[in-house]
Each structure stands twice: as C-alpha cells, then as structure tokens.
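Right, one structure below, let's go through it.
2 protein chains.
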Amino acid sequence: MPGGTTVVSRRRLLGTAGAAGAGALVVGAGAGAAGAAAVRGRPEPLTSLGSASAPFHGAHQAGIVQPAQAHGHLAAFDLAPGTDRRAAAALLRRWSAIAADMMAGRQAQDDTSGVALDAGPSSLTVTFGFGRSFFDRTGLADKRPAALEPLPAFTGDALDARRSEGDLWVQIGADDALVAFHALRLLQKKAGDTARLRWQMNGFNRTPGATAHPMTGRNLMGQIDGTNNPKPSDADFADRVFVPEDHKGADAWMAGGSYAVVRRIRMLLDTWDHLSLERQEKVIGRRQSDGAPLSGGTETTPVDLDKVDRDGALAIAGDAHIRVASPATNRGAAMLRRAFSYHDGFRDDGAPDAGLLFIAWQADPMKGFVPVQRKLDRGDGLSRFLRHEASGLYAVPGGCEKGEYVGQRLLED
Amino acid sequence: MPGGTTVVSRRRLLGTAGAAGAGALVVGAGAGAAGAAAVRGRPEPLTSLGSASAPFHGAHQAGIVQPAQAHGHLAAFDLAPGTDRRAAAALLRRWSAIAADMMAGRQAQDDTSGVALDAGPSSLTVTFGFGRSFFDRTGLADKRPAALEPLPAFTGDALDARRSEGDLWVQIGADDALVAFHALRLLQKKAGDTARLRWQMNGFNRTPGATAHPMTGRNLMGQIDGTNNPKPSDADFADRVFVPEDHKGADAWMAGGSYAVVRRIRMLLDTWDHLSLERQEKVIGRRQSDGAPLSGGTETTPVDLDKVDRDGALAIAGDAHIRVASPATNRGAAMLRRAFSYHDGFRDDGAPDAGLLFIAWQADPMKGFVPVQRKLDRGDGLSRFLRHEASGLYAVPGGCEKGEYVGQRLLED
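Respectively, the protein sequence lines represent chains S and F.
So in UniProt numbering, spot 193 of the first sequence is number 193, and the numbers just go up one at a time.
So in UniProt numbering, spot 268 of the second sequence is number 268, and the numbers just go up one at a time.
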C-alpha cells in the first residue's frame, strides 16, 4: 500500500519541516497565553497539514486508500464531439503531468494562476476514471470492462441525468480549500477543446486536528459513519478494493485499478431531526454518542445481530441500517467507502440541500455496491430519509510510473 | 481588543491541551517516517485547531477582529408576519444562548444533533446583525441608525434582491466544516416560527497550517488580498471599525457595535485568466508572487503612487485597483475587510460560479465602504472582472455580558 503510508504518517508524524515546527510549538507553549500579543509577528509553527503530500506515481492512483481530505471536488467531463483516442490520450497525459506537479507542491508548467501559491500540497490527490460512454466515443468499446454495465435502478432513486455519469471522472481532495479549487480550475482549463465539464460537486470532511485524536468521521445526520470500512491492514483489503495485478482479458489494462460508484445522496434532515435521538439510533442501529452498536460494546465491537433485549425484541432492529448493510448479511460483500459531505445551501422550502457525496471503491461493483444497495433499497429503515439524486460508475485505472500517464495501458497499445 | 487576543494566540501558541500535544509531536518526529505504519493506532497529536475558541461575551461581538476562519456561512432571516419586538427579543435571547454554548464547545440545551460531537469549538464565531427592514417590522423605526440608509446604486451592480438584505443577518465562521454546518442548522432550527431563512451562502479561506507561516490570504484570482487592512494594533483601529462606547442618540444601543457591508462578488475568472500575468499585475498594482506593490519593495512597503518608471509611465497605473482603493486617495476612509471566498459549482456556460463573499466592517458605512466603492465603480480597472450579485447592510450591535443577549439594549428598554 505504498500510497497509504505517506498519508498515514501525515496525521501521526512530522516530516523534516514538521520537526522544526515541533520545536517552535514547544517554545510557544512555554511562552504562555499571556505572551500572545508579543508573538504577533513571529512565524507560526509549521504543521504537517500543508506540507503533507501523497505520491502521484505508484501501483494505484492516489485518492483511494488515503484518508478523505477536508475538501473534495468531484467533476465529470464529456469528450467533445469527434474526439478520438489520440486526443483523449493527449488529455490524460496533460492531466497526469499537472496532477503530478500539483500533488508534489510544484507549480505546473504554464500555470500562471496564483491561487495555490504559498500553500503546501496539503495532501492533494487527483484521481481519474473512465465512464461507460468513454469507450464508445473513443472507439475502445472492445476494451470496456464488463464491470461498467449500468447500475441497476433502485426504487429509492430520483436521479438527475445531467448530474450523473459522464465520459471522464475526476476526484480531487485536499486539506486546503484553495489548493483543491486551484486543482479543479487548472484541470478544467487544461481540458482545452478536448472535454467539457458535465457536472461538478463540492464536498467536505472534518479538518485534521478538529478532534483531539483520530476517529471515524461523522456525516450530516450526526452519525459516526464508516466504522466497518475495510482497513488497508486487512489481509483481503487489496482483493476487495483493487483489480488484481495479474488481471487478464480485454480489460487487462484495469490491473491495479478500482471501480468507483459515486452517488449524490441528499439527506432529508428536517424529517430526520423530527425523530427523537432514541428513534434515530434505532434506525441506524448504533449509539449516536460513540457509534457503539445497540447490541453493546464500543464503536469497534462486532455487531451481534442475534442479540435480544430483555423484552424479547432484537437489539438491532430488523430494518436497522447496520443490519441490512452488514457484511454478514451480504455474503462478505465489501467496498471501501470514502465519502465527502456536501451542503449546497437551502432549497426553496427551507430544507438544507445537503447530504453525502458517497464514493465506494471496489474491485467489482457487482460484488460491492450493487448487492448491498439492493438490500438497502428493500429493507433499510434509513432509506426513507435519503434521496439518491445523482449516480456515476467509473473505471479507475491503476497508477502509473514516472514518464507514464494514467490510462496509458488503455489508450496506447 | 479582548476578542482578538484569544484567536491571535490560537495560531501562534498552544493552550493547555495543545501543550500536551506538543510533546506527542516531538515523540512522533523522533520515531521517523519509517515508523509510520507502526503508529497507526496511536492517538494523533492534539493541535490547537480544534481546541481554539473565541469568547462569546465581551465589548464587541466575535467574528470581527478574529482572523477569518477556514469555513464561513452567511445567512439572512426574515421575521414571520406579525412578529413583534418581544418575539424578536426572545429569538435573540435563544440565539445568543446557543451561540455562547457552541463557541465554548458545549452542547446547547435540547441539541440532539451529533454533527459537531467530538470536534472542539474550532474557533467558531457567531455574529448577529439587524437589517434596515427589521426596525419597521418590530416597531422600532425610531431607533434605526441613520447609518442603515440603503447603499447607493453602483453601475457595476447586478444585484439579486432575493439574495440581498433581510431583517436579520448571521455570520458563522469555524475552522471545521462540520462545526460550522452544525451551528447554521441549529440557529435555523431555533428560529422556530419567528424567522425564516431568506438567503444563505457558503464560503471558505485557507486552512490554518496550509502555509508555512502566517500571511495575508489569497483570493480566487490568485491575488494576495487584505494587505492594507487596518490592524487591531493600529491606534485608530477601534475608531474606524467600532461605534464609540459613548455613542449617544436614538441609536445609542449601537455603542461598541459595527456596520457590516456584505457583497457577493462573482469573479469573471475565465476572462481574468485570459490576461497575461503581467497584465493581471497591472490591473491590481501588485506582484502576484508576493503581493509587493509595483512601485517596489515587499508586500507591506507603502505604495508609492507617484513613482514613474524609466519610460515615464506610472508604476501603479491610473486605474490600478490599489490606486483607486488606496486610503491615500480616499481621505483616510478605512474599513476592515474580512472576506470568504465562495465556489458554488459552475454556470451553464462552464464558467465557475465563484468569487468573494466580501464583508467590510466599519463604524460608519458612509465613511468606509461607500466612498471607496464609489471610486472603484468609476475608475477601477479590476471592476470589469467583477459582478456584485448580492448586497446587504447590517447594524451589528456590540457584544453582551453573561446573562445578557445580543441586541438587548435595542430590544428591551
């Protein structure tokens, strides 16, 4: 997991620059609060937030195993009419070059925008994927993976086609908003006449350091969300998330890649907030305060789906979200969820236009997202508080080495 | 400046919790990058980001002298028809109580939302203001400050009335997105039947720690923006920003308060980006890289408006933004700009819907924003890259002491 280690370290260790900063921190603490005014002009302690970086090159693209950043941009592009494989290859080459520069904290060639100047890379990741329509447009239909079959329709869907799918998908994440915005702008500009923006969404997560110690994040319903995510240290993590390196067939180019399912899930927060805390916890199956399952223990205690309360009722209700979504009831289906929350203001009725930019990573959507969502669609008590408003499925190729670009194994042969 | 010191300290010193964290940082640095995987389960070092807080009580409301946070929400509310002064007073009392709790990192009474659980106050500030229409609705027209006269129309305005003005204005800022969102939601809910959301906007700034040392922020045009802001250490800072404590007359209740001018200024970034860097710098009058004026020196060198280049041309062009906006050409007019950038996706033509949520603080808008904007409106070369799309002017009363609420001197007499 070469991509993962660097960013694990950012939240727990300091790099070279950070070590100097640590000294400054100690000096600052010694000076005490009374000295605050006196140190006004002094350099602020270097933190690892700005200087942390994820590697662009490697077996997998960045932006999958790294913790989700504080700011995210999702964007889909459609190729201009008449764009052929060569033009698409040139675009991916341009995009890869500037992504590599930006992720390393370098100014990309011809980039005269100053938006990200002064800031470090701030854990920027840029991840590229191909939608189903990409392959028809570029004459590559024979290389399209079977896994890109359209997702089935779910009864809870209220999808807006204009904000769904697309030929190309870009995921951007960074712990600084200007670094993330700059990356989005530059990638859009460098698309030139080859591809045009189809849709774009903004999301966020906790800022590193907002909590006293690292913990699973919360969503906008206030729930701890992601407890049962596969961990990079799990023995079967790579099997569940990544297409095997020895993958064969027409889509052998996907070796080391992954499939991203993207869903804009609006939360009906006004309806949700009308429930008592006790009812909310029953809908989820976990305690709000610490995420412990209602069957007992702490956040990470395995859920006991059979546990019965004194009054004979199941501790985890039959339609509780964690029961229906549980790997135990889904024959081991697993996906890595790496979401951003979103908030696009308020709707005309005063309800927040807010929820989750759900992103699930898996080696095969038919073994990850699809069977779980089929079950949730039928039996999840949480689903009446959610609206799936946009959807996308993308083939995200493996990473590339220096001198190569993302998707090269598909686009050049 | 009691409000300012605490937050100055957050970026330069560590509080009690942070001091323990500093020790952890040093230990972490000693372990070295090779130990990254081994420390996976260890607590992350406490930083000052989450634990920093601004005081709710004091001579001035928070959210004016404190550095602008990484996340901001602006919202305007209109009173429900028939709402009287007593109901408005009860609303401000409710809002003040929950703002005081949230800013101290306490869970407000009856707040069962878990969105901000685990996170520290993260420098949350909540600031309340009254729009011109508030006074008619509540029968308080005789106490309306003369300074709330409608702003003059400017030729560059393209204002959307639905996103302008409003009876009540709330400014929320925090360095964590979930803390800020939680505050917005809770304030909206506690408005109950008394007031309804009129408009709401989201903004952002750099995350603390994204740059190696503290510096003036950049806007989405890539320019260092805010160099000439008055500093709390300036001898005349309070005179320029705050209504005097001994203010007399019908609006004596504004003593210690300030007037906020709010403008949603969209940047025509695609047009801007077509300029060469050299042209952009001439439009602004400063170097993009470090913000130094084109008359020479560094960012903080006073601008020499008379300097002539070797070829006889003015170093700072006649229509350069910093010349037209300069206090020297505005008879000492001054305001404290404390802005957030915004990015609400892209417009139908592919151009970003992005720019500045400009917020200017001043003791008197007729001596601050208005004369400067009049000059900019006529002669600023930057104005053709900007559209003012929404506008608001609010009387922001002084702070309150414990047991009081914001606006009490207006609403109870």
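Even glycine gets a Cβ: it sits at the ideal position worked out from N, Cα and C.
Here the structure is a predicted model, which means the values were calculated and not measured.
Please decide whether residue i counts as near chain S, where near means a Cβ-Cβ distance under 8 angstroms.
i	result
residue 207 of chain F	yes
residue 105 of chain F	no
residue 190 of chain F	no
residue 66 of chain F	no
residue 196 of chain F	yes
residue 215 of chain F	yes
Quick one: Cα of residue i to Cα of residue j, how far?
i	j	result
residue 267 of chain S	residue 383 of chain S	9 angstroms
residue 390 of chain S	residue 189 of chain S	25 angstroms
residue 402 of chain S	residue 93 of chain S	12 angstroms
residue 270 of chain S	residue 89 of chain S	46 angstroms
residue 368 of chain F	residue 399 of chain S	54 angstroms
residue 191 of chain F	residue 95 of chain F	8 angstroms
residue 208 of chain S	residue 84 of chain S	42 angstroms
residue 123 of chain F	residue 303 of chain S	36 angstroms
residue 81 of chain S	residue 395 of chain S	21 angstroms
residue 22 of chain S	residue 212 of chain S	In this prediction, residue 22 of chain S has a pLDDT of 28, which is less than 50 and means its spatial position is unreliable; nothing more can be read from the coordinates.
residue 240 of chain S	residue 223 of chain S	25 angstroms
residue 308 of chain S	residue 293 of chain S	13 angstroms
residue 134 of chain S	residue 388 of chain S	23 angstroms
residue 199 of chain F	residue 318 of chain S	41 angstroms
residue 289 of chain S	residue 115 of chain F	10 angstroms
residue 11 of chain S	residue 174 of chain F	For residue 11 of chain S, the pLDDT reaches just 29, beneath the cut-off of 50, and the residue's location in the model is therefore unreliable, although a value from the coordinates is still provided. Computed Cα separation, rounded: 21 angstroms.
residue 204 of chain F	residue 265 of chain F	14 angstroms
residue 143 of chain S	residue 86 of chain S	15 angstroms
residue 72 of chain S	residue 182 of chain S	12 angstroms
residue 284 of chain F	residue 381 of chain F	8 angstroms
Could you tell me whether any Cβ in chain F is nearer than 8 angstroms to the Cβ of residue i?
i	result
residue 352 of chain S	yes
residue 179 of chain S	yes
residue 50 of chain S	yes
residue 3 of chain S	Caution applies to residue 3 of chain S, whose pLDDT of 38 falls short of 50 and renders its modelled position unreliable; the model cannot decide the point.
residue 277 of chain S	yes
residue 386 of chain S	no
residue 70 of chain S	yes
residue 119 of chain S	yes
residue 176 of chain S	yes
residue 404 of chain S	no
Could you tell me which chain F residues have their CB closer than 9 angstroms to the CB of residue i, listed as they occur along the chain?
i	result
residue 185 of chain S	220, 269, 273, 352 and 354
Select from the options the residue whose C-alpha is nearest the C-alpha of residue i.
i	options	result
residue 341 of chain F	F:56, F:68 and F:109	F:68
residue 236 of chain F	F:56, F:336, F:129 and F:126	F:336
residue 414 of chain F	F:71, F:138, F:54 and F:91	Past the edges of chain F, shown from 1 to 413, lies residue 414 of chain F, and the structure says nothing about it.
residue 366 of chain F	F:260, F:316 and F:353	F:260
residue 76 of chain F	F:277, F:181 and F:196	F:196
residue 334 of chain F	F:216, F:229 and F:411	F:229
residue 49 of chain S	F:206, F:161, F:102 and F:151	F:206
residue 250 of chain F	F:61, F:411 and F:79	F:411
residue 158 of chain S	S:405, S:404, S:377 and S:310	S:377
residue 139 of chain S	S:280, S:361 and S:79	S:79
residue 351 of chain S	S:371, S:385, S:327 and S:372	S:385
residue 436 of chain S	S:328, S:248, S:348 and S:327	Missing from the structure shown is residue 436 of chain S; chain S here goes from 1 to 413 and no further.
Taking residue i as the query, report the chain S residues whose CB atoms sit under 8 angstroms from its CB, ordered along the chain.
i	result
residue 113 of chain F	222 and 273
Using a C-beta to C-beta distance shorter than 7 angstroms, which residues of chain S count as neighbours of residue i?
i	result
residue 288 of chain F	114
Residue i touches chain F at which residues, Cβ-Cβ below 8 angstroms?
i	result
residue 345 of chain S	200, 201, 202 and 344
residue 122 of chain S	207 and 210
Does the distance from the CB of residue i to the CB of residue j come in under 8 angstroms?
i	j	result
residue 298 of chain S	residue 227 of chain S	no
residue 435 of chain S	residue 295 of chain S	Since the first residue shown for chain S is 1 and the last is 413, residue 435 of chain S is missing from the structure and cannot be characterised.
residue 339 of chain S	residue 322 of chain S	no
residue 202 of chain F	residue 345 of chain S	yes
residue 392 of chain F	residue 233 of chain F	no
residue 354 of chain F	residue 343 of chain F	yes
residue 179 of chain S	residue 119 of chain S	yes
Could you name the residues of chain S that residue i contacts, counting a contact when the two beta carbons are closer than 9 angstroms?
i	result
residue 348 of chain F	Per Cβ cutoff of 9 angstroms: no residues; residue 348 of chain F is ~10 angstroms from chain S at best.
Comparing the CB of residue i with every heavy atom of the ligand MG, is any distance shorter than 7 angstroms?
i	result
residue 318 of chain S	As presented, the structure is devoid of all ligands, the ligand MG included, so that no description of it is given.
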